[in-house]
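**Q** Chains as they are written, first to last, in this note's numbering: chain A, 1 to 109; chain B, 110 to 484. Backbone N, C-alpha and C fix where the C-beta goes; we use that ideal spot for every residue, glycine too.
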């Protein structure tokens, strides 16, 4: 059940921080600063951040950065990380070559 | 909090957000209500990103052509962020004589509507896209088609509209639209009541529930489709692709990943728990389809699959319309899986409906009362 979330509520202004250059999503090379800035541009959920910046859309599909992104966004919005819903996990569990995923034959002929 | 605005928009998809932006630009106050916790969580974030004119219903063609000529080329600049629009053409591929017959017919129809689409040989197609397999013996080619990133376009309209003062509220599921003195005015959610001079209903299939409380109906179904995404690949080609056999469609995104939609034939029977869900067989089937056309992609890894619902109208074109019985209400739903490409045009026209009371492109074909029994 989604909670009512007014996207125009005042969360202040984006202020640069010294650690904004740290790379959080290694697959897509997204920095902490980019994630923090996205929150002030209206991206209030992990799913929106993902669609906006591609965090968690690379090879590891967010296994590495999912929690970190959540923590950063929660802090900017002054909510607990547990109030934010994680982005949807998608099949396949690990990247699979087309020729393997598309193979119908037993034994991989 | 003030719950009144000139316009209340139900649905924060690309249509609702585009309308919000064009309305704000013309000085109207707007509130956008979204049922989901996320902006644009329906078909707007779950589509192939096609900005096509070819293969489109004749009735929609003027909207598509207007957008490609006047809105898409400058959209990134206008919204202040890259929506990854590419106008590199659309190839619809054929491998058999039957396919070529289908494609020739489509091209003929397009030409009759004044759109530049021509048939080309397999070798000509390989000149445009060198990665195509020898199995491709011909294609239809529309040089002015293209694609854009639907996730970014939806969020770009949201971001810009929000900057212009549009109020977006997520987690607000609309239960009904109420008439006051014979005019649509109140939008009721579980938690609040909102009021507007105009109400735009742009919530895809969910629009059906809202219009039913106003005692009419839009005949549409929810249809599931599935898409797969590859890992990042070196830049290869930026044409939009489709096939005569309809075994897959898609493109390479700016980021480098390929986004391909397709079908196993079983999507209508996928299990779901209220969210669109992929099956275990579709992505495999789509991979087999793709590899016949693009053998070079056999080693590309699939990193993600997803599913989405389209709001398929009975005659496969949308309802974009005033409602005579309910003054103040404007409908924009039933886009039938090809709303993304025309969304800038539709957003602009919706703003005209509110501000000018009429539109610069005729919307007669999209009226809400066009549905008649066949006998």
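(1) Taking the alpha-carbon of residue 363 of chain B as reference, which of B/114, B/152, B/158 and B/147 has the nearest alpha-carbon?
(2) Unbroken alpha helix (DSSP H) runs of length 4 or more, entirely within the stretch 361-436 of chain B: which are they?
(3) Taking Cβ-Cβ distances shorter than 7 Å, what residues in chain A pair up with residue 364 of chain B?
(4) Please list, in chain order, the chain B residues whose beta carbon lies closer than 7 Å to that of residue 41 of chain A.
(5) Exposed or buried, residue 484 of chain B, counting other C-beta atoms within 10 Å across all chains shown (16 or more means buried)?
(6) Ordered along the chain, which non-local residues of its own chain (more than five positions away) have a Cβ less than 7 Å from that of residue 60 of chain A?
(7) Just how far apart, CA to CA, sit residue 265 of chain B and residue 294 of chain B?
(8) Taking its Cβ as the centre, do 16 or more other Cβ atoms sit within 10 Å of residue 290 of chain B, making it buried, or is it exposed?
(9) Apart from the five residues just before and just after residue 386 of chain B, which ones in its own chain have a Cβ nearer than 7 Å to its Cβ?
(10) Are the beta-carbon atoms of residue 457 of chain B and residue 180 of chain B separated by less than 8 Å?
(11) Using a Cβ-Cβ cut-off of 8 Å, state whether residue 4 of chain A counts as contacting chain B.
(12) Find the residues of chain A that neighbour residue 410 of chain B, judging by a C-beta separation of less than 7 Å, and give them in chain order.
(13) Of the residues B/245, B/224 and B/226, which one's Cα is nearest the Cα of residue 234 of chain B?
(14) By the criterion of Cβ-Cβ separation under 9 Å, what are the contact partners of residue 257 of chain B in chain A?
(15) Per DSSP, what kind of secondary structure is residue 449 of chain B in: helix, strand or coil?
(16) For the beta strand (DSSP E) containing residue 139 of chain B, list its first residue and its last residue.
(17) Who are the Cβ neighbours of residue 189 of chain B in its own chain at under 7 Å, not counting the five residues just before and after it?
(18) Is residue 199 of chain B helix, strand or coil when you go by DSSP?
(19) To test your reading of the DSSP string, which unbroken beta strand (DSSP E) runs of 3 or more residues are found completely within the stretch 112-165 of chain B?
(20) Check whether the Cβ of residue 237 of chain B lies closer than 7 Å to any heavy atom of the ligand ZN, and answer yes or no.
(21) Would you give the residue range spanned by the alpha helix (DSSP H) that residue 235 of chain B belongs to?
(22) Report, in whole angstroms, the separation of the C-beta atoms of residue 193 of chain B and residue 257 of chain B, which I expect to be a contact under 8 Å.
(23) Quick one: measure Cβ to Cβ for residue 5 of chain A and residue 278 of chain B, integer angstroms, because I've assumed they're closer than 8 Å.
(24) Using C-beta distances below 7 Å, list every residue in its chain close to residue 213 of chain B, excluding the 5 sequence neighbours before and after it, in chain order.
(25) Please return the same chain residues whose Cβ sits closer than 6 Å to the Cβ of residue 394 of chain B, not counting the five positions on each side in sequence.
(26) Can you confirm whether residue 81 of chain A, when its beta carbon is compared against all beta carbons of chain B, has any partner nearer than 8 Å?
(27) For residue 84 of chain A and residue 70 of chain A, what's the separation of their Cα atoms in angstroms?
(28) On the premise that residue 118 of chain B lies in contact with residue 139 of chain B, defined as a C-beta separation below 8 Å, what is that separation, rounded to the nearest angstrom?
(29) When you compare the CB of residue 129 of chain B with every CB in chain A, is at least one pair closer than 8 Å?
(30) Taking only three categories from DSSP, how would you classify residue 358 of chain B?
(31) Applying the criterion that 16 or more other CB atoms from any shown protein chain within 10 Å of the CB defines a buried residue, is residue 15 of chain A buried or exposed?
(32) Taking a cut of 8 Å between CB atoms, which residues from the stretch 49-79 of chain A lie near chain B?
(33) Can a CB atom of chain A be found closer than 8 Å to the CB of residue 276 of chain B?
(34) Could you compute how far the alpha carbon of residue 171 of chain B sits from the alpha carbon of residue 391 of chain B?
(35) Kindly indicate which three-state DSSP category residue 83 of chain A falls into: helix, strand or coil?
**A** According to the structure shown:
(1) B/158
(2) 391-402
(3) 54
(4) 268
(5) exposed
(6) 27
(7) 28 Å
(8) exposed
(9) 379, 380 and 416
(10) yes
(11) yes
(12) 95, 96 and 97
(13) B/245
(14) Neighbours of residue 257 of chain B on chain A: none; closest Cβ ~14 Å, over 9 Å.
(15) coil
(16) 139-143
(17) 269
(18) strand
(19) 113-119 and 139-143
(20) Judged by which ligands are present, the structure shown has none, so any question about the ligand ZN falls away.
(21) 231-237
(22) 6 Å
(23) 7 Å
(24) 228
(25) 373
(26) no
(27) 7 Å
(28) 6 Å
(29) no
(30) strand
(31) exposed
(32) 51, 52, 54, 57, 58, 59 and 61
(33) yes
(34) 34 Å
(35) helix
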